[in-house]
Amino acid sequence: MKTDIQIAQEAKMKPIQDIAEGLHLDLEDWEPHGHYKAKLSDSLLEKLHDRPNGKVVLVTAINPTPAGEGKSTVTVGLGQAMNRINKKTIIALREPSLGPTMGIKGGAAGGGYSQVLPMEDINLHFTGDIHAITTANNALSAFIDNHIHRGNELNIDARKVGWKRVVDLNDRALRQVVVGLGGPLRGVPREDGFNITVASEIMAILCLAKNLQDLKRRLSEIVFGYTYDDKPVTVKELGMEGALTLLLKDALKPNLVQTIENTPAIIHGGPFANIAHGCNSVMATNIAAKLGDYVITEAGFGADLGAEKFLDIKTRAGEFEPDAVVIVATARALKMHGGVAKDELSYENIEALKQGMENLAKHMDTISEYGLPYVIALNRFPTDTEEELSYIQKWCEEKGVHISLTEVHANGGQGGIDLAEKVVDTVENSSKNFKRIYDLEESIEDKILKIAQKVYGASGVEYSSQAKKQLAQFEQLGWTNLPICMAKTQYSLSDDPTLLGRPTDFTITIREFSPSIGAGFIVALTGDVMTMPGLPKKPAALNMDVDENGKALGLF
């Protein structure tokens, strides 16, 4: 079979004007970025305010293998299939980060015949949104250090500056650095570090902001450090919110592209789901809901991460409710959860599959906790055997669960027709009683305990001494009524990446908190989750090249 990039480069794209006109957008509603990309106006949502919302379908997954289970591919394929059955559907996705694109995963724009295009642009620099976030983040770092160097009027304790610089690459050497060396003219020496750009609070802010003024308000509320007497210092006190908003004004505008089958796709924002909230922007999802009868969107990794944050954080910020959920499962991931080594997942193993089904069962229970109907998308891989696929289907059918064997990678929208029909049937004929896991008025500890018990299946939560001190501090500062963003491994329901399947009788350990007051949530860090990933031994970038005509090669 052809590679993803070969399929993408052979696809027939429509001019972006045709895609915009198909959505009945006026010329002032969008601006072209070349022939096949456009920026949507940041005032479009206000213009569409009185239109009824389409149905929002969230695509999530079981705990994945390191290579991923094709959640974005299923999202794209389902959107294409929905249009094939005459449901006006728009896809809403995250923007890929260069870190994983050049690291372990390769391209992140779907796969096979279910891709968003132009995939080379989307996987690389796209329209520059992530670069704008990098610039805004690092501008704030520069102004913090300059303020300290120029007399430190705000009495900032350089040892308590929590704001890190960022770069949109996996670079473990930058996790901990020292800045300001070289004498008095070079600044005040202090410890610093780098996060990957998509872990920046500014990325989360961009994705949760409703409009330009909300963006500016959220930026002003960023707490970047503390004074010598432990008072939080904000961007507003530094006077930087205007400049940061200026740097981000174009990045705030959602990006309009298309799929291989010319289905409209809005791609905007891309926070990681294991260290941030893992969802595309509120503006993108809400615009898509106004323009289409259905929105197919996704959230990063499994339901324990992206879906939980989508439902508990994003829907609050965006003031909307989802109508149904698709849970992507694969035979290979289920076998991994049944004890099969990663290098043996291509071999049939029914016994391991039986054991691994408990991981799927837990994610089904989690979505039920939210009162949402769901469909299982069994994403077919070439190494799957008929016996394995039959076992999974029968297991679901015996439990009365809708399941669809999905072949959108190989067959595009046609391979997702059955899934699309089941999704429509579920939305139109199932009862929905959406309820979030916790109330904002609850304490931080109670919120975390509910997530740990109801979503992860944990027996309890433990806190480090540092985390306990921070809890007391946050209560004094009035930060307890915020949602919780759990930073946790994607490979396990627990905070231990080696504990696969459906573990029981385990505790979640919170080692520290990171207040993202501008974004509007508290990050709780568990295990050894890093906000700056490292590269694997053989990065995907080793396969990438460009030919003499400027054509990208090896991008997955």
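UniProt numbering numbers the first residue of the sequence shown as 1 and each following residue consecutively. Note that beta-carbon positions come from the ideal geometry of N, C-alpha and C, so glycine has one too.
Neighbourhood of residue i by C-beta, 7 Å cutoff - its chain only, sequence neighbours within 5 removed
{"i": "Asp-42", "result": "Asn-211, Leu-212, Leu-252 and Lys-253"}
{"i": "Val-161", "result": "Ile-144, Arg-190, Phe-224 and Gly-225"}
{"i": "Leu-477", "result": "Pro-232"}
{"i": "Gly-180", "result": "Asp-145, Arg-186, Gly-187, Val-188, Pro-189 and Arg-190"}
{"i": "Arg-316", "result": "Pro-483"}
{"i": "Trp-479", "result": "Pro-515, Ile-517 and Ile-522"}
{"i": "Asn-481", "result": "Leu-440 and Glu-441"}
{"i": "Asn-53", "result": "Ala-289, Lys-290 and Phe-320"}
Where residue i sits in the DSSP three-state scheme
{"i": "Ser-465", "result": "helix"}
{"i": "Pro-264", "result": "strand"}
{"i": "residue 557", "result": "Any question about residue 557 goes unanswered here, given that the chain covers just 1 to 556."}
{"i": "Leu-525", "result": "strand"}
{"i": "Gln-355", "result": "helix"}
{"i": "Arg-159", "result": "helix"}
{"i": "Val-295", "result": "strand"}
{"i": "Pro-184", "result": "helix"}
{"i": "Arg-332", "result": "helix"}
{"i": "Val-375", "result": "strand"}
{"i": "Asn-195", "result": "strand"}
{"i": "Met-486", "result": "strand"}
{"i": "Glu-512", "result": "strand"}
{"i": "Val-455", "result": "helix"}
{"i": "Pro-32", "result": "strand"}
Contact under 7 Å by Cβ, residue i with residue j
{"i": "Ile-275", "j": "Ala-209", "result": "no"}
{"i": "Val-461", "j": "Leu-449", "result": "yes"}
{"i": "His-268", "j": "Cys-485", "result": "no"}
{"i": "Arg-218", "j": "Ile-202", "result": "no"}
{"i": "Gly-501", "j": "His-337", "result": "yes"}
{"i": "Glu-442", "j": "Thr-385", "result": "no"}
{"i": "Gln-466", "j": "Glu-512", "result": "yes"}
{"i": "Leu-555", "j": "Asn-123", "result": "yes"}
{"i": "Ala-108", "j": "Met-119", "result": "no"}
{"i": "Ala-458", "j": "Ile-522", "result": "no"}
{"i": "Phe-506", "j": "Ser-492", "result": "no"}
{"i": "Gly-270", "j": "Glu-95", "result": "yes"}
{"i": "Lys-422", "j": "Val-455", "result": "no"}
{"i": "Val-177", "j": "Gly-193", "result": "yes"}
{"i": "Ala-303", "j": "Val-57", "result": "no"}
{"i": "Ile-62", "j": "Leu-360", "result": "yes"}
{"i": "Ala-420", "j": "Met-82", "result": "yes"}
{"i": "Ile-148", "j": "Ala-136", "result": "no"}
{"i": "His-33", "j": "Thr-134", "result": "no"}
{"i": "Ile-327", "j": "Thr-60", "result": "yes"}
{"i": "Ala-487", "j": "Val-529", "result": "yes"}
Residue from the options with nearest C-alpha to residue i
{"i": "Phe-272", "options": "Ile-522, Gly-292, Ala-265 and Ala-299", "result": "Ala-299"}
{"i": "Arg-332", "options": "Gly-318, Gly-356 and Glu-10", "result": "Gly-356"}
{"i": "Lys-216", "options": "Phe-194, Ala-243, Asp-192 and Ile-196", "result": "Ala-243"}
{"i": "Asn-429", "options": "Met-283, Pro-373 and Arg-165", "result": "Pro-373"}
{"i": "Asp-214", "options": "Gly-183, Lys-249, Asp-192 and Thr-234", "result": "Lys-249"}
{"i": "Thr-297", "options": "Glu-351, Ile-367, Lys-71 and Gln-9", "result": "Lys-71"}
{"i": "Ala-132", "options": "Leu-124, Leu-247 and Val-56", "result": "Leu-247"}
{"i": "Asp-439", "options": "Ile-313, Leu-23 and Gln-453", "result": "Ile-313"}
{"i": "Lys-87", "options": "Thr-75, Lys-55 and Gln-258", "result": "Lys-55"}
{"i": "Leu-40", "options": "Leu-291, Pro-382 and Lys-236", "result": "Leu-291"}
{"i": "Glu-28", "options": "Ala-20, His-35 and Gly-34", "result": "Ala-20"}
{"i": "Thr-101", "options": "Ala-173, Leu-45, Pro-539 and Asp-171", "result": "Pro-539"}
{"i": "Gly-79", "options": "Ser-516, Thr-259, Gln-453 and Thr-426", "result": "Thr-259"}
{"i": "Ser-346", "options": "Ser-368, Thr-383, Gly-318 and Lys-354", "result": "Thr-383"}
{"i": "Val-257", "options": "Val-235, Glu-241, Lys-422 and Ala-284", "result": "Ala-284"}
{"i": "Cys-207", "options": "Ala-519, Gly-550 and Ala-552", "result": "Ala-519"}
{"i": "Pro-15", "options": "Val-427, Asn-262, Gly-527 and Ile-350", "result": "Asn-262"}
{"i": "Ile-510", "options": "His-147, Glu-548 and Lys-447", "result": "Lys-447"}
{"i": "Tyr-370", "options": "Asp-171, Arg-150, Ile-444 and Asn-433", "result": "Asn-433"}
{"i": "Arg-51", "options": "Ser-368, Pro-66 and Asp-293", "result": "Asp-293"}
Residue i CB to nearest heavy atom of the ligand PLP below 6 Å
{"i": "Glu-428", "result": "The ligand content of the structure shown is nil, which means the ligand PLP is not present either."}
CB contact check: residue i to chain D, cutoff 7 Å
{"i": "Trp-163", "result": "The structure shown contains no chain D; it is built from a single protein chain."}
Nonlocal neighbours in the same chain, by C-beta distance under 6 Å from residue i, ignoring five residues either side
{"i": "Ala-288", "result": "Ile-90, Ala-92, Ile-266 and Val-295"}
{"i": "Met-364", "result": "none"}
{"i": "Tyr-36", "result": "Met-13, Ile-16 and Pro-118"}
{"i": "Asn-138", "result": "Arg-165"}
{"i": "Ile-392", "result": "Leu-378"}
Spatial neighbours of residue i in its chain, beta-carbon cut-off 8 Å, leaving aside the 5 residues before and after
{"i": "Leu-389", "result": "Ala-331, Leu-378, Arg-380 and Leu-405"}
{"i": "Ile-7", "result": "Gly-112, Tyr-113, Gln-115 and Ile-260"}
Integer-rounded CB distance, given that residue j should sit under 8 Å from residue i
{"i": "Gly-103", "j": "Pro-533", "result": "7 Å"}
{"i": "Gln-490", "j": "Phe-301", "result": "4 Å"}
{"i": "Thr-227", "j": "Asn-155", "result": "5 Å"}
{"i": "Gly-306", "j": "Gly-77", "result": "At roughly 18 Å, the Cβ-Cβ gap does not stay under 8 Å, so Gly-306 and Gly-77 are not in contact."}
{"i": "Gly-99", "j": "Ile-196", "result": "5 Å"}
{"i": "Val-408", "j": "Val-74", "result": "6 Å"}
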